[in-house]
Amino acid sequence: MREERSEMSENGDGDEGKDVRWSPDPGGTAPPKCRAAAGSPGGAAVPPPPFSDQVLENVLENVLCFLTSRGDRNAASLVCKSWYRAEAQTRLELFIGNCYAVSPARAIDRFRRVRSLVLKGKPRFADFNLVPMGWGARLSPWVAAMAPAYPWLERICLKRMTVTDADLALLACSFPSFRDLSLICCDGFTTIGLAAVAGNCRHLRSLDLIENDVEDDEDEVVDWVSNFPPGKTCLESLIFDCVGCAVNFDALLALVARSPFLRRLRVNEHISSDRLYQLMTRAPQLTHLGTGAFSSSVEVGDFEESLESAFHSSKSLICLSGFRDLAPEYLHTIYPVCTNLTSLNFSYAQITAEQLKPVITRCHNLQTFWVLDSLGDEGLQMVAATCKKLRELRVFPLDATEDSEGFVSDVGLAAISEGCHELRSILYFCQRMTNAAVVAMSKNCQELVVFRLCIMGRHRPDRLTGEPMDEGFGAIVKNCRKLTRLAVSGLLTDRAFAYIGLYGKLVRTLSVAFAGDGDLGLRYVLEGCPKLQKLEIRDSPFGDAGLLSGINHYYNMRFLWMSSCKLSLSGCKDLARQLPRIVVEVIRDNSEDDNSDAVGKLYLYRSLVGPRNDAPPFVKIL
Amino acid sequence: MSAETAKSSTESDVSGLDYEETELKLGLPGSSRIAGSELERKRGFSETVDLKLGGSGGCNLDYLTAESSDTRSSGAGKLPANKAQVVGWPPVRSFRKNALKSCTYVKVAVDGAPYLRKVDIEMYGGYQQLLNALKEMFSCFTIRNSPNNNERRLVDPLNGTEYVPTYEDKDGDWMLVGDVPWKMFVASCKRLRLMKSSEAVNLAPRAPQID
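Okay, here's the thing in structure tokens:
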């Protein structure tokens, strides 16, 4: 099935369920038919009275403000010029899935009244050290442009961006109504930046720092918690479990005590249990708690009772995480809240099935469970037996190396599939898997939207039959009709990709590693999956022919990443020539020979503004 | 055997350390006790040096040379420690990896050098690999085997200064690298310091060096 080659649209991102593809030319005029229809009820081709467009736009704006989904808004903006303008004036939340797809100037020029910005930067494989430092995705040009343009900005959510302390300081001082800051997998800032935010954002409601790299030099740590202004705060969410250095505990305690609206508090590993209970008693209204270390170097004493009592009083807790240095003997203190928990994150706790048992058997309402594979297949069986409402499961490896022992297997996966029919999302790291278990999951868990299976040993076949894992993944795409995200692993041939191309009609995100036989596999996917937006591939034998087979599709995608495949420079140049609005980046590692024709890392994405001007020397834009 | 035991009690008197509770099991190299027994006694620095200089080759507890018997506990089917690790595989974020083995990221200081480096000691399969890595990191060093006592020292060829790799353990004691089985070292090492060997000999067992 071949997609029509289409112009890339500014709205292209997030066209959930919409097939509209053409792009309006902002500088030109709309077709006359459109105007006439809007201005004159008779539909005749008569130029409308001068002010009726304006009236209509006002009416439209009042209606369009009820549209919140960006997919709907994108579609509405394509109706005609009027609608385009009205929509632009009323879009309050701006979502930019790739910061290089559009420039700050262009975004600001179109959308004048943005209150909330979501901005994503580096490709996801940057999380696994595949993108060298200094590649880009800097927040600076965005903050600089937005400061004068969006004085009423309230919310910023960033993912995989490089954010400096100066950026945070500028942000904190430029937006008087600023309320919510969310940084996910970002880097480049320290406690200095946090202090600027704490001190200058007078209406701060949430400061959510999730899995960022915040590593100060020991000598330069700033007491940012003390920088919050005195008096009652509006704080509803304070998440800092990724901050590497200890905070001023007394200041934190006082802050919590004067934050009556605080609902989410996730502290870092430097907060031990004897301090945790003090925080909890000052915030009995918490719904989300990150427990820090959950151990103590202090002698076990009265505080264990206090901790128990604190959990008893936390009637509203529905989400628990932390447990960064879990002392199993304290686990019993959380029993009182287990039955209300909808989300439990043990993924930093080396907990065994035995230790988990009394906890998990109380968690009847659990919907989200993150855990380490130390719980073993046996632990997963317990989960399957109790957590009938489970929607999301993530099993991380305790020992994240290729040749580790691995404590969970197909047995655990099969058990989960039998017990948890409501499962929507699974991430599962293991060393041993069978097609049968994966097929079983495809049949038992029809609600699956996200299926990510990582068999850590490369090219591992079915452990019982010795066959490739093709049939298992094939069953997933075939039987799970709602699947939008898939990550494959293990020994896979082109057959697996044929299945994905044949059945994966809703797949938007696909991650491939160490898989496939040749170009045909890539072609199956690119030609077969109309909704594909994000394709990331590493160490697979796909070459230029495979790459070029996607020519009709790349304008519909957010990005393609291919590293350690069989691409050549000439092939990539060929592609770049044929697709002028695609930015094709070749990223070099130090060790590579400059003159070689082989391409180590390819990252291509559609863009309205052409090649970026901040590319470092190791990035070559074709 | 009894001679060794007597020697150890003398040493404990001298150092003031109370080892009555702990069993000192001395065995021939390659005996099963080497694989991470919890009852192993931790020895202070000067005792280690004494043992070595005394040439007690009979009961050599120096794990720098016992490398070949230092196998990982994970068992059969393991690939050799020097197999090339593929970058970013398995796909687990460094934040998570570091959080789980945060104890294995240690700072390395060199006497006389103004900068610190950080290494993830669990990345190495044993002492030899660690020393090689240190050698590369502070690229001025070469590794010299001291013939009489099987120690490995790092030497700065420019001025001939010898450095002894030492580490601070969880209790704050400064120990000689190579003293304990590799796994135990990885579990207890908090900081590394390449100490000038002239200073190392003078180091008292319970006096942590504060930079």
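From first to last, the protein sequence lines stand for chains A and B. If you count by the numbering used here, then the first sequence holds residues 1 to 622, one letter each, in order. If you count by the numbering used here, then the second sequence holds residues 1001 to 1211, one letter each, in order. Glycine included, every Cβ here is placed at the ideal spot set by N, Cα and C.
When you compare each of A/L204, A/L317, A/L307 to A/Y330 by their alpha carbons, which one comes out closest?
As a first step, residue 330 of chain A must be located in the first sequence, where it is residue number 330. For the residues A/L204, A/L317, A/L307, the minimum Cα distance to A/Y330 belongs to A/L307.
Would you please verify whether the beta carbon of B/W1182 is less than 8 Å from any beta carbon of chain A?
For this step, residue 1182 of chain B is matched to residue 182 along the second sequence. False, the Cβ-Cβ gap to chain A never drops below 8 Å.
A/F699 to A/E585, Cα distance in whole Å?
The structure shown does not extend to residue 699 of chain A, since chain A is modelled only from 1 through 622, so no value can be given for it.
Cβ of A/L372 within 8 Å of Cβ of A/S347?
Taking the first residue of the first sequence as position 1, residue 372 of chain A is located at position 372. Taking the first residue of the first sequence as position 1, residue 347 of chain A is located at position 347. In contact: A/L372 and A/S347 (Cβ atoms closer than 8 Å).
How about A/P397: is its C-beta nearer than 8 Å to some C-beta of chain B?
For this step, residue 397 of chain A is matched to residue 397 along the first sequence. Yes, A/P397 lies at the interface with chain B (some Cβ there is under 8 Å from its Cβ).
Counting C-beta neighbours from all protein chains within 10 Å, is the total for A/Q578 16 or more, i.e. buried, or is it exposed?
Reading the first sequence from its first residue, position 578 is the one you call residue 578 of chain A. Counting Cβ neighbours within 10 Å, A/Q578 comes out exposed, since fewer than 16 surround it.
Could you give the C-beta distance for A/S273 and A/S296, rounded to a whole number, given that I count them as a contact under 8 Å?
The residue you call residue 273 of chain A lines up with position 273 of the first sequence. The residue you call residue 296 of chain A lines up with position 296 of the first sequence. Indeed they touch by this definition, with Cβ atoms about 5 Å apart.
With distances taken Cα to Cα, identify the nearest neighbour of A/C338 among A/S570, A/V359, A/T401, A/Q350.
The count along the first sequence starts at 1 and reaches residue 338 of chain A at position 338. Closest option to A/C338, Cα to Cα, is A/V359.
For the beta strand (DSSP E) containing B/M1123, list its first residue and its last residue.
By one-based count along the second sequence, residue 1123 of chain B stands at place 123. Here B/M1123 belongs to no beta strand (DSSP E), and DSSP marks it neither H nor E.
Could you check whether A/L317 and A/T281 sit closer than 8 Å to each other, using their CB atoms as the reference points?
Residue 281 of chain A sits at position 281 when you count from the first residue of the first sequence. Residue 317 of chain A sits at position 317 when you count from the first residue of the first sequence. For A/T281 and A/L317, no; Cβs fall outside 8 Å.
Quick one: any contact between the segment 454–462 of chain A and the segment 498–506 of chain A, if contact means 3 or more CB pairs under 8 Å?
No, they do not touch.
With distances taken Cα to Cα, identify the nearest neighbour of A/P132 among A/R606, A/D614, A/I587.
Here residue 132 of chain A refers to the residue found at position 132 when the first sequence is read from its first residue. Checking every option, the nearest Cα to that of A/P132 belongs to A/I587.
Touch check for the segment 390–408 of chain A and the segment 367–381 of chain A: three-plus C-beta pairs under 8 Å?
With a cut-off of 8 Å, the segment 367–381 of chain A and the segment 390–408 of chain A count as touching, because enough Cβ pairs lie within range.
Between B/R1191 and chain A, is any beta-carbon pair separated by less than 8 Å?
The residue given as residue 1191 of chain B occupies position 191 in the second sequence. B/R1191 does not count as touching chain A.
Could you compute how far the alpha carbon of A/E269 sits from the alpha carbon of A/V197?
Reading the first sequence from its first residue, position 269 is the one you call residue 269 of chain A. Reading the first sequence from its first residue, position 197 is the one you call residue 197 of chain A. One C-alpha to the other measures close to 22 Å.
Who does A/G290 pair with in a DSSP beta bridge?
Translated into positions along the first sequence, residue 290 of chain A becomes position 290. Paired residues: A/R266, A/S321.
Note down, in chain order, each residue of its chain lying with its Cβ closer than 6 Å to the Cβ of B/R1206, except the 5 sequence neighbours on either side.
Along the second sequence, one-based indexing puts residue 1206 of chain B at 206. Confidence in B/R1206 is poor, its pLDDT being 37 and thus under 50, which makes the residue's placement unreliable; the coordinate value appears in the next sentence. Contacts found: none.
Could you tell me how far apart the beta carbons of A/F111 and A/A88 are, in whole angstroms, since I believe they sit closer than 8 Å?
The residue given as residue 111 of chain A occupies position 111 in the first sequence. The residue given as residue 88 of chain A occupies position 88 in the first sequence. At roughly 6 Å, the Cβ-Cβ gap stays under 8 Å, so A/F111 and A/A88 are in contact.
Can you find the residues in the same chain that come closer than 6 Å, C-beta to C-beta, to A/L119, ignoring five residues on each side of it along the sequence?
Here residue 119 of chain A refers to the residue found at position 119 of the first sequence. Cβ neighbours of A/L119 beyond the five flanking positions: I96, C99, L158.
Using the beta-carbon of each residue, which ones in chain B are nearer than 7 Å to A/N268?
Mapped onto the first sequence, residue 268 of chain A falls at position 268. Ordered by position in chain B, no residue passes the 7 Å Cβ test against A/N268, which lies about 10 Å from the chain.
Closer than 9 Å, Cβ to any Cβ of chain B: which residues of the segment 422–437 of chain A, in chain order?
Here the close residues are F429.
Using DSSP with H/G/I as helix, E/B as strand and the rest coil, what is A/P617?
Locating residue 617 of chain A in the first sequence gives position 617, counting from the first residue. The answer is coil: DSSP assigns A/P617 none of H, G, I, E or B.
How long is the line joining the alpha carbons of A/L375 and A/V439, rounded to whole angstroms?
Translated into positions along the first sequence, residue 375 of chain A becomes position 375. Translated into positions along the first sequence, residue 439 of chain A becomes position 439. The straight-line gap from Cα to Cα measures roughly 23 Å.
Exposed or buried, A/N613, counting other C-beta atoms within 10 Å across all chains shown (16 or more means buried)?
Taking the first sequence and counting its residues from 1, one reaches residue 613 of chain A at position 613. Answer is exposed; the Cβ neighbour count stays below 16.
So is B/V1213 in contact with chain A if we call contact Cβ pairs under 8 Å?
This structure cannot settle anything about residue 1213 of chain B, because the visible part of chain B is limited to 1001 through 1211.
When the Cα atoms are used, what is the spatial distance from B/L1131 to A/G231?
On the second sequence, position 131 is the one that residue 1131 of chain B refers to. On the first sequence, position 231 is the one that residue 231 of chain A refers to. Whole-angstrom Cα-Cα distance: 55 Å.
Could you tell me the distance, in whole angstroms, from the CA atom of A/K122 to the CA atom of A/A137?
To locate residue 122 of chain A, count along the first sequence from 1; it is residue 122. To locate residue 137 of chain A, count along the first sequence from 1; it is residue 137. The alpha-carbon atoms of A/K122 and A/A137 are separated by roughly 6 Å.
Report the neighbours of A/D213 on chain B: residues whose CB is nearer than 9 Å to its CB, in chain order.
Along the first sequence, read from residue 1 onward, the residue named residue 213 of chain A stands at position 213. By Cβ distance, chain B contributes S1094, F1095.
Suppose only complete runs of 4+ residues qualify. What are the alpha helix (DSSP H) ranges in the segment 51–84 of chain A, listed by chain order?
Here the runs fully enclosed are 52–64, 70–77.
Kindly indicate which three-state DSSP category A/D213 falls into: helix, strand or coil?
Walking along the first sequence from the start, residue 213 of chain A turns up at place 213. If DSSP states are grouped into helix, strand and coil, A/D213 belongs with coil.
Count the other C-beta atoms from every protein chain shown that fall within 10 angstroms of the C-beta of A/S442, then say buried if there are 16 or more, exposed otherwise.
For the purposes of this step, residue 442 of chain A is taken as the residue at position 442 of the first sequence. Counting Cβ neighbours within 10 Å, A/S442 comes out buried, since at least 16 surround it.
Could you tell me which chain B residues have their CB closer than 9 Å to the CB of A/M456, listed as they occur along the chain?
Translated into the one-based positions of the first sequence, residue 456 of chain A becomes position 456. Chain B residues near A/M456: W1089, P1090.
Would you say A/L604 faces chain B, with C-beta separation under 8 Å as the test?
One-based indexing of the first sequence puts residue 604 of chain A at position 604. No, its Cβ sits nowhere closer than 8 Å to a Cβ of chain B.
Which one of A/P616, A/F249, A/R485, A/A513 has the shortest CA to CA distance from A/L506?
Within the first sequence, numbered from 1, the residue matching residue 506 of chain A stands at position 506. Of the candidates A/P616, A/F249, A/R485, A/A513, the one whose C-alpha sits nearest the C-alpha of A/L506 is A/R485.
Chain B partners of A/L67, CB-CB under 8 Å?
Reading the first sequence from its first residue, position 67 is the one you call residue 67 of chain A. By Cβ distance, chain B contributes nothing, its closest Cβ being about 35 Å from A/L67, past 8 Å.
Just tell me which of A/V225, A/F175, A/D216 has its CA closest to the CA of A/D165.
For the purposes of this step, residue 165 of chain A is taken as residue 165 along the first sequence, with counting starting at 1. A/D165 has its Cα closest to that of A/D216, out of A/V225, A/F175, A/D216.
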